[in-house]
Every structure is written in C-alpha cells, then in structure tokens.
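In our numbering, the protein residues as written are 14 to 290. In this text, a Cβ means the ideal position worked out from N, Cα and C, and glycines have one as well. Remarks on the structure that follows.
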Amino acid sequence: MPRPPALSPSRAGDFQQCPLMFRYRTVDRLPERPSPAATLGTLVHAVLERLYDLPARERTVDSAHARLEPQWREMVAKQPDLAELHADEAAEQAWLADGRQRLATYFELENPQRLEPAAREEFIELQLEDGPLLRGIIDRIDIAPDGSIRIVDYKTGKTPDPRYGAKKERFQMRFYALVIERIRQRRPALLQLLFLKDGGRLEIRPTGDDIAQVEHEIREIWNEITAAASAGRFRTRKSALCGWCSFQDRCPEFGGVEPPLDPDAVERAFGVRPVTA
Ligand code: SF4
C-alpha cells in the first residue's frame with residue numbers, strides 16, 4: 014500500500030531553508046555522510062533515553078557518562094560507516110568528551126531522579142484534514158498527577174541567538190503541541206527545549222492561538238511543497254547554511270547539475286504528479 018504524503022518538523026524546515034535540498038532529501042533520498050555534530054546528537058539522545066530505564070536512584074551523571082562510550086560502540090556496530098567519522102582516536106576521544114559535557118549540562122538543567130516520563134522517543138502521527146500526515150518523534154513526554162502534559166526536547170547545540178527568535182525550534186515545538194492536542198484531546202501545558210551545549214532553556218506555554226497559527230503555517234508550507242512538486246521545480250535558496258549542505262556537487266548555485274526529477278518518486282512523496290516532468 015502506498016504511504017500517504019507526510020511532513021515532519023525537520024522536513025518542513027528543510028523546505029524553508031532550501032527547496033532543492035528538501036527535494037534531494039525527500040524525493041531523491043540521496044545518501045548523506047553523517048556529521049560529527051548530528052551523530053553526537055543521536056548518541057546523547059540515546060544515552061538520555063536509556064538513562065530512564067534505570068531505577069531513579071541510579072540516574073546519576075556518572076552512570077550517564079559510563080554509558081556514553083558503550084552506546085557509541087553499539088552505534089558503530091550497527092552502522093559501520095560511523096567508524097569513519099573521526100580522523101583518529103584523539104579526535105574520537107575529544108568528540109566523546111563533548112558528549113560527556115552535554116550529559117553533565119543535562120544534569121544541571123534537570124534532576125532525572127525526580128522524573129518518571131510518560132513516554133520517551135515517542136513516535137507521533139496525525140492526519141491533517143485536507144493536508145499531510147504530520148509525523149514526528151518527541152524526546153520525552155511528562156504527565157503531572159493532574160494530567161497536565163509537558164513536552165521536552167533535547168538539543169545538543171547551543172541556545173539560538175534571541176535576535177532570530179528561535180523560529181525553527183518554536184515551530185517544531187508548536188507542531189508537536191498541535192499533534193498531541195489532537196491525539197490526546199488536551200493541550201500541552203508546557204513545551205520545553207533544553208540546550209545542552211550551554212545550558213539554555215526555552216519554554217513555551219502554548220495558547221489556542223499558537224496552535225491555530227502553527228496549523229496555518231503547516232498548511233502554507235504544504236501548499237508551497239505541493240505547488241513545487243506539481244510544477245516539477247524545486248528552487249535553490251542560497252544562504253550561509255549552504256556551507257553545511259551535502260549536495261553542493263549537484264547544486265546549480267555551485268556549478269553542479271540538477272538531475273531530472275523522477276515523477277513516480279514525486280507522486281509517492283506528495284500525492285501529486287509533476288506536469289513538466
Ligand atoms: S548548496 Fe545551498 S542552494 Fe544548493 S542545494 Fe544546498 S542549500 Fe540549496
């Protein structure tokens with residue numbers, strides 16, 4: 014059975030950053046080399062998720078640190094190309110030290126001995142009426158004795174510069190709030206982002222207007238995506254972030270050649286067939 018067209022906060026962010034990059038990730042599904050920063054995020058998330066398997070009194074910073082390197086070896090065993098991530102052992106050890114720093118910062122922000130999450134790494138899905146299937150994975154959901162819901166997301170990077178309003182992060186958390194409100198028939202009381210590089214915290218108490226606004230934004234982004242898909246044209250959007258893009262060799266902005274679009278892949282991804290392909 015074909016999968017319905019779906020949208021996650023990160024894919025929506027990709028499209029807003031650069032439609033061509035979005036195309037390469039979502040339609041062409043081109044492979045990308047894992048980056049040290051993204052892989053550190055995956056590793057620290059895995060350690061924090063498993064930390065809550067332990068009895069409360071054993072959730073200490075030492076036990077989190079002790080789990081970091083074994084968790085890393087487990088990841089490399091499952092995905093052997095990760096072994097190429099570091100130039101040498103010294104670089105790998107420096108990277109693992111960064112991971113230990115992120116975990117230590119986590120313990121400055123929260124006391125996991127006093128928390129019993131209702132869900133960890135929770136996969137969520139919601140079919141938006143006349144829109145895409147919304148999808149995401151929530152790092153942690155806490156439910157208080159009175160039933161109030163808190164959504165928690167860990168970021169291994171630093172707190173975004175307030176001059177730019179943390180737009181991407183706010184969009185992601187309000188996206189989750191919309192999905193959880195519809196699934197559980199209760200609006201989350203608090204959305205909380207923890208930035209483990211510098212110990213920053215961003216909290217949002219979503220209102221009905223926030224939920225309505227994010228639904229409107231999601232529909233607008235989806236309309237732009239399906240318009241691009243129908244036209245068979247995903248434009249470039251050059252920015253400072255191009256430096257981190259894996260697809261410069263196929264990007265016309267950098268002298269690369271854009272390969273033709275596969276109309277079947279477009280239809281599978283968005284439920285529309287490009288007219289010009
Ligand atoms: S290099 Fe920049 S413009 Fe080109 S695809 Fe990547 S993000 Fe888009």
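| Can you list the alpha helix (DSSP H) stretches of 4 or more residues lying completely in the region 171-247, in chain order? | 180-197 and 221-244
| said: Tell me which residues pass a beta-carbon proximity test against the ligand SF4: closer than 7 angstroms to any heavy atom, given in chain order. | reply: Gln30, Cys31, Leu33, Met34, Tyr37, Thr249, Arg250, Lys251, Ser252, Leu254, Cys255, Cys258, Phe260, Gln261, Cys264, Glu266 and Phe267
| task | Just mark Pro32 as buried or exposed, buried being the case when its beta carbon has 16 or more other beta carbons within 10 Å. | result | Position 19 of the sequence shown, counting from 1, holds the residue named residue 32. Label assigned to Pro32: buried.
| field | Unbroken alpha helix (DSSP H) run spanning Leu98, endpoints | value | As a first step, residue 98 is located in the sequence shown; it is residue number 85 there, counting from the start. Where Leu98 is concerned, there is no enclosing alpha helix (DSSP H), given that its DSSP letter is neither H nor E.
| message | What would DSSP say about Phe316, mapped onto helix, strand or coil? | response | This structure leaves residue 316 out entirely; the chain is present only between 14 and 290.
| Any heavy atom of the ligand NAD closer than 7 angstroms to the Cβ of Glu102? | The model on display carries the ligand SF4 but not the ligand NAD.
| field | Validate contact between the region 236-244 and the region 190-205 using beta carbons, cut 8 angstroms, 3 pairs | value | no
| said: Run through the DSSP bridge pairs and tell me what Arg148 is partnered with. | reply: Start at 1 with the first residue of the sequence shown, and residue 148 comes out as number 135. Arg148 pairs with Glu138.
| task | State the Cα-Cα distance for the pair Thr249 and Asp41, rounded to the nearest angstrom. | result | Numbered from 1 along the sequence shown, position 236 holds the residue referred to as residue 249. Numbered from 1 along the sequence shown, position 28 holds the residue referred to as residue 41. The alpha-carbon atoms of Thr249 and Asp41 are separated by roughly 15 angstroms.
| Excluding the five sequence neighbours on either side, which residues of its own chain have a C-beta within less than 6 angstroms of the C-beta of Ala282, listed in chain order? | Locating residue 282 in the sequence shown gives position 269, counting from the first residue. Correct list, in chain order: Thr39 and Val40.
| Which residues share a DSSP beta bridge with Arg163? | As a position in the sequence shown, residue 163 is number 150, starting the count at 1. In DSSP, Arg163 forms a bridge with Asp155 and Leu203.
| message | Looking at Ile231: is its Cβ nearer than 8 angstroms to the Cβ of Leu141? | response | Here residue 231 corresponds to residue number 218 of the sequence shown, with the count starting at 1. Here residue 141 corresponds to residue number 128 of the sequence shown, with the count starting at 1. For Ile231 and Leu141, yes; Cβs fall inside 8 angstroms.
| What is the rounded straight-line gap between the Cα of Ala290 and the Cα of Glu271? | The sequence position of residue 290 within the sequence shown is 277, counting from 1. The sequence position of residue 271 within the sequence shown is 258, counting from 1. Residue placement at Ala290 cannot be trusted, given a pLDDT of 45 that sits under 50; the coordinates are not used to answer.
| task | With DSSP collapsed to three states, give me the class of Ala290. | result | Here residue 290 refers to the residue found at position 277 when the sequence shown is read from its first residue. Note on Ala290: pLDDT 45, under 50, position unreliable in the model; the coordinate value appears next. Here Ala290 sits in coil by DSSP.
| message | Tell me whether the region 116-128 and the region 170-184 touch, counting them as touching only if at least three CB pairs, one residue from each stretch, are closer than 8 angstroms. | response | no
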